[in-house]
Every structure is written in structure tokens, then in C-alpha cells.
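So the protein lines, in turn, are chains A and B.
Quick note: the first sequence uses our numbering, first residue 23, plus one each step.
Quick note: the second sequence uses our numbering, first residue 23, plus one each step.
Okay, structure first, notes after.
There are 2 protein chains.
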Amino acid sequence: MKTVHVHTPSHSYPIYIGAGLLGDFSLFAPHIGKKAAIITNETIAPLYLQQLSDLLTQNGVHVFHIILRDGEQFKNHESLNQIYDALLAHHADRKTTLIALGGGVIGDTVGFAAATYQRGVPFIQVPTTLLSQVDSSVGGKTAINHPLGKNMIGAFYQPKLVVADLNTLHSLPAREFSAGMAEVIKYALLGDVDFLAWLEQHINKIMQCDDELLAQVVAHCCQMKADIVAEDETEQGIRAHLNLGHTFGHAIEAQMGYGNWLHGEAVAAGTVLACRLSEQLGSLNADDTARVAQLFRQANLPDTPPKFALEQWLAHMSHDKKVENGKMRFITLARLGAAQISEITDMSLLEKTLNKFTV
Amino acid sequence: MKTVHVHTPSHSYPIYIGAGLLGDFSLFAPHIGKKAAIITNETIAPLYLQQLSDLLTQNGVHVFHIILRDGEQFKNHESLNQIYDALLAHHADRKTTLIALGGGVIGDTVGFAAATYQRGVPFIQVPTTLLSQVDSSVGGKTAINHPLGKNMIGAFYQPKLVVADLNTLHSLPAREFSAGMAEVIKYALLGDVDFLAWLEQHINKIMQCDDELLAQVVAHCCQMKADIVAEDETEQGIRAHLNLGHTFGHAIEAQMGYGNWLHGEAVAAGTVLACRLSEQLGSLNADDTARVAQLFRQANLPDTPPKFALEQWLAHMSHDKKVENGKMRFITLARLGAAQISEITDMSLLEKTLNKFTV
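Next comes the structure, spelled out in C-alpha cells:
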């Protein structure tokens, strides 16, 4: 088992990474009260709910379950209210622990419910997808979507611990595994060119779910994210770099309807667009972009976005929260392995970046 | 002008108290960005919205307005969504300042919107009722109601500053002024028997809105609350004392339908019940309770609750969040001027406390 510690001004907590951790009550024991709600979705419930529920029940925890519908399109007010209603029906109080069992959508939704139910109750992240293990379960960003924008309603709220059981990745559909790799590659691009080279070297074995390599990948990404979050919990500065590819990616998700493109797929295509914008700014060259695009393709990810009207690109991106006082902010690459914040006021740069992808 | 400073682990901010402060841009200037949303209700809007809006606009702030319906029954998801929708329609970003212009309902709802819009934007409290000036605008508790319980959904989130203009109290209906006095009397009971005697001495002039005495009342209560919040921002301990009378009070509000009894009226009757429960516990005597009841009556407040079934009292109170692991927690009085937390497991004590007020 590997352990990564996350330190923030408001709270510190451990991430445990390894195979079979869902059978180890000692990891949960210090952080759980007498009563816990396991909140998962209809896809994950048949796979892991019974196992986790039994583990807790056998150790004296009073457990109840809340099962949400599966998919990004259900990361919304209805799911949130389903959680609130069930917590109230079960007389959950301020010491009741919420456990998020699932991927990023579950983690974000349950985290926000935990942040806001009775002004905050303890919660534990049990991420079951590669994407949530390397990224969304770490750092305390919680949110739901609004019809006018992704992640528009949320809070910064840290879990008591994160338990990443690598065995859960074996049940993950190939398309979702690839989507998780998009965030892995993103980490390499924004902070560590050696890790980029290591990924290029091992990408085929990683895609075959080699356990040893996966443990290294998850621990490395969690450590990178933990370092960034420790420096900047509430995204005043460097944490914004983690949004590499996300402004373009969110536009793709919004245009195509949430859930039709997976988040990681949109981030992959969005990251290649961020590389192209970096070319417009003169900091990358076409070979760099081609190298990035190739790695995404090797991870079975799209390296080009769908085509839609320029006005729609801009409308979606101006609703994205990386807009400050009217300027459009993008995370771009100063070079492979180093990100920067670019404030774009010259819209022709965006036009050139997007011109092959508009109709 | 009097100034009280609130210090919490997460944030420090000033409360300004005085007549005519809504005309002083210098108070707002250090805490406001280029864009601000003034959020108020249909009752307050005709009285003070234009004045505050003009003040900001004349000083170069881009201002837009959101006007909610007035009343505790609108401290709900619909009002919250009205705020989110308007913020998105106006392309509000993370630096847009939300200004809560109104009473406790506005402050709680806008504060929660500020805590959760894009994971947190700056906000300013401009309380226009006695209750919000002495209590709800200070300390960062934000929330909306759920059909199954009051303040069930919320966050701890501090404002950038609080501006309490005493002139706004002149337009306050007498019934609401009295409701604010309930919280003033509560402060005296839970922490300061000298202040209780001072209130008994001056209650008639205070009820006639004497400006000099009011400034003392507001500053004294804010200072008491600031001291408590500094010690215990997230209500792990002593801050719970501020809930004196509130568990009974919330039951009254829930039973009678939110908005039919004013919060302060319910707190007054609830506080007398807390005194009766303290009698059951042996810490107060009947004369103490009579003294408290008399002061509430002098402030034109109810000293007895409506009658309803014991089962309904208990059902409402068990949904209240001051329930931990099944025990019912009440704030009671160790003596006049000193509160304590009492965990009640013997339900016959509650029966005796409530027996005159059940059907």
C-alpha cells in the first residue's frame, strides 16, 4: 500500500492506494462514526456496495445506502436533493459520515452534499475510477452542474480520507480507463517532463492495466496534486494549472450535452487545443503539439474536438468560471512540462486556434 | 460610528454600526470589486435599493439587482436558484461581490449563494432589521430551509464586512423590531446578567427606538457574538449556546408553517420553554423563569408557545440538527447569565416541560 498525505490550511488527510483496500476496516476506523451513509450509483452498487457495507456493518457501524442514477447528466440538483431527502429521512446528524463510492460524479456530488448538509458533515472518498483516483477525489473541490454551466455550484470541502482500491479499476470499461489517462497525461504536461517521457515509454503496458505500473501512476499523480493543493487550496493561483485543457473541454461537454463525451475525452481534445493556443502565443511548436496528440491517441483518446460554430465555442467558454472581469483566462503551456495562465483579449488568437473545428 | 472586529480562523472582518452608513462609500471601497450584485427582497427594495445602488454606481462599480420574495417561507431552493440563474445570466465571475441587503432571510440565503456560487465569491452583509444586525449577519452561518427542517442546507462562510445602518431600523414594523429584541434578550441570558439588568432598566426607551441606546444594544450584542465566534467558528462547542431557545423555537416555526410565527417570536416562547426545562433540571427556579417571561412581554413578545401534540413537538425537535447520535441536545441555563449544553435522554423531562402546551 502507498500513502500520500494532503495538507491544506483547513485540514490534512491521507490517501491510501493499493489493491484490496476495500476489505481493510482499519483504514476507515479512525475516521468514521456510529452512523454512515454509503452513496453510490446504480452501476457501482452491484459491484462494491455489499462488500463495503458488510465491512462497516460487521464492525458496528449503522449503515444506510443512497443509490443515484449514473452519469454526468445526473450531477445536478435532483441528485443532490435525493441525498438531502434520504439523509433527513434517516435522521442523519452532524456526526453521520457520508461515503462517496464511485467515480468523479459521485465524489463531486456527495462531497457537495457533505459540505452543505447541516453546514458540513464528515465524508470519505472511495474512488472507483482511474479519473477519480488520480484527480477528482483529491483536493476538496466539490460541485454540481447548472443548466448554464458545469461545476457552477460547489464548495471547497476536504474529505477525512481517500481510499483508492486499485482492484476496482479491473471492472472499469476501457473507455472510462482511457478517460482517466487524459488527466494522467495532463499532470505530466503541466509539471513534469520526465513523467511525460516515462508515460510514453510505458503507455502500452499501462493501457493493459499492469498493477505495478498503475500503483506508480496513481501515487505519482496524487502526490503532484497534493503538492499543488497544499500550496493553493482555493485556486487563487497555481491550482488553476490543473485546469489545463478544461476550458475548451467544458465547452465540448456543454455543446455535446453532458455525458455524451466523457470528461476525460473532452479534456484530451481540449488539451490539444490548449497546445494549439500555446502555439499561437509562440510558446510551443507544432512538433510539441503532435507529440501530445500522439500520446492521447495511444491512450485511445480523441485528439480533435467536434466541430461547431465559433460563436458557440465562445459562448460556452465565457460561461466557464475561468473568466475574470471579462478577460478570458486559459491555462497554456510555456513548454512541455510547465503550465502558465494566459489572459486572452485578442479574440483572433482563439479564432485561429479553433478555425479547423468550427462550422 | 462603532466598529466591532470579528476574528475567525478562516477570516477576519469588521462590523460597522451607526446611523447613515449606507451613504458612506469609503466603508465598502476596500472590499468591493468592479462588479456587484445587490440582492434584496420586494419589501426592502423600494426603501433602500436605489440609495445603495446609486452609491456604488457613482463610484464606478457595475451593479445589477436581484429581488427575491419576502418571508421565511421563501428561504428555500427556489430563491437560491433565482440567485444562481441571475448571476449566470449576468456572467458573474469569481470576483463579483454579492451584497445582501435585508434581514436574516436575505443574509442567510445570499450568504449560502455566495458560499456555493463557483465554490465561493465575496459577499457583504447590509442587515436592515434589528434581528439581523444583532445576530444573523455576524458569524458566517448561512443556510436555506428544507421542507423537513429549518436551516438544514447551509455552510459556514464569512462576509467581507457587515454594514449595520441604524437608520434602516426606523422603517422596521413594530412586530419585527420586537422579534429582534428576542435575540437581544437571549444574549443577556446566556452570557451577561449585568446586561440583563441594564435591559430591564431601559426596555421602555429601547422599545421606543432611542438611537443612543440602540447603538449600545447592537454593538454589545455584536461584540458578544464576535467573541463567541472567534472561539468556535464552526459550532463544535460554545457557539451552540447561541441556540438557546432555538430547538423549541424551530419546532414552533415548523409546526405553524414557516413565516407565520416570526423567528424571534418563536425564539422568545422557545427560550421560556428552555427556562422551564432548566427548572426540570434543577438549575433555575420559577422566579427566574417569571423574570425572563416578563422581559419578553415588555418587548411585546409571546412568552408561551401554541399548543400541539407532544408527538409533533418531538418529531420536529428530532429533525433539528442539535440531535447527535440519537440523544436530544438542548441549550439550557445553569443560572440567569450562563448557558450550558444538556443532553436529554429522559423524555419525561420534556413531557413535563411541554405538558401545558400539548393537546
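Here a beta-carbon is modelled for each residue, glycine too, at the ideal position from N, C-alpha and C.
Quick one: does residue i have its CB under 8 Å from some CB of chain A?
| i | result |
| --- | --- |
| B:Q140 | yes |
| B:G171 | yes |
| B:M174 | yes |
| B:H168 | yes |
| B:A137 | yes |
| B:S340 | yes |
Taking 7 Å as the line, does the beta carbon of residue i fall inside it for any heavy atom of the ligand GDP?
| i | result |
| --- | --- |
| B:F50 | Of the ligands one can find in the structure shown there are none, so the ligand GDP has no counterpart to examine. |
So, helix, strand or coil for residue i, using DSSP?
| i | result |
| --- | --- |
| A:I54 | coil |
| B:P68 | helix |
| B:V206 | helix |
| A:M23 | coil |
| B:A201 | helix |
| A:K374 | helix |
| A:N63 | strand |
| B:T367 | coil |
| A:G45 | helix |
| A:G40 | strand |
| A:S193 | helix |
| B:D214 | coil |
| B:T79 | helix |
| B:R355 | Note that residue 355 of chain B is Leu in the sequence shown here, rather than Arg. Three-state result, B:L355: strand. |
| A:Q431 | Nothing can be reported for residue 431 of chain A: it is not among the residues displayed for chain A, which extend from 23 to 381. |
| A:S340 | helix |
Does residue i come within less than 8 Å of chain B when only Cβ atoms are used?
| i | result |
| --- | --- |
| A:F145 | no |
| A:K247 | no |
| A:A108 | no |
| A:K163 | yes |
| A:F178 | yes |
| A:H113 | yes |
Since residue i and residue j are thought to touch, with beta carbons under 8 Å apart, how far apart are those beta carbons, to the nearest angstrom?
| i | j | result |
| --- | --- | --- |
| A:A186 | A:Q155 | 4 Å |
| A:K57 | A:T118 | 5 Å |
| B:E287 | B:L323 | 6 Å |
| A:P181 | A:F134 | Rounded, the Cβ-Cβ distance is 12 Å, inconsistent with contact. |
| B:C244 | B:H192 | The pair is not a contact, with the Cβ atoms about 19 Å apart (cut-off 8 Å). |
| A:A321 | A:I225 | 6 Å |
| B:H87 | B:I54 | Not confirmed; about 15 Å, so no contact. |
| B:H338 | B:A273 | 4 Å |
| B:V160 | B:I37 | 6 Å |
| A:Q140 | A:A122 | So it is not a contact: roughly 17 Å between Cβ atoms. |
| A:I353 | A:L266 | 4 Å |
| A:I89 | A:V132 | Contact doesn't hold; Cβ gap of about 12 Å is too wide. |
| B:L306 | B:E373 | No, B:L306 and B:E373 are not in contact; Cβ-Cβ is about 18 Å, not under 8 Å. |
Taking only beta-carbon positions, decide if residue i is within less than 8 Å of chain D.
| i | result |
| --- | --- |
| A:L284 | Given the protein chain composition of this structure (A and B), no chain D is represented. |
Length at least 4, wholly inside the stretch 92 to 180 of chain A: the alpha helix (DSSP H) runs in chain order: 99 to 111, 126 to 138
Within 9 Å of chain A by C-beta, residues of the stretch 23 to 35 of chain B in sequence order: P31, S32
Contiguous alpha helix (DSSP H) assignments of at least 4 residues, all confined to the stretch 217 to 253 of chain B: 233 to 253
Where the stretch 195 to 221 of chain B meets chain A: residues whose CB sits under 7 Å from a CB there: none
Residue ranges of each alpha helix (DSSP H) within the stretch 263 to 337 of chain A, 4 or longer: 268 to 278, 285 to 302, 308 to 320
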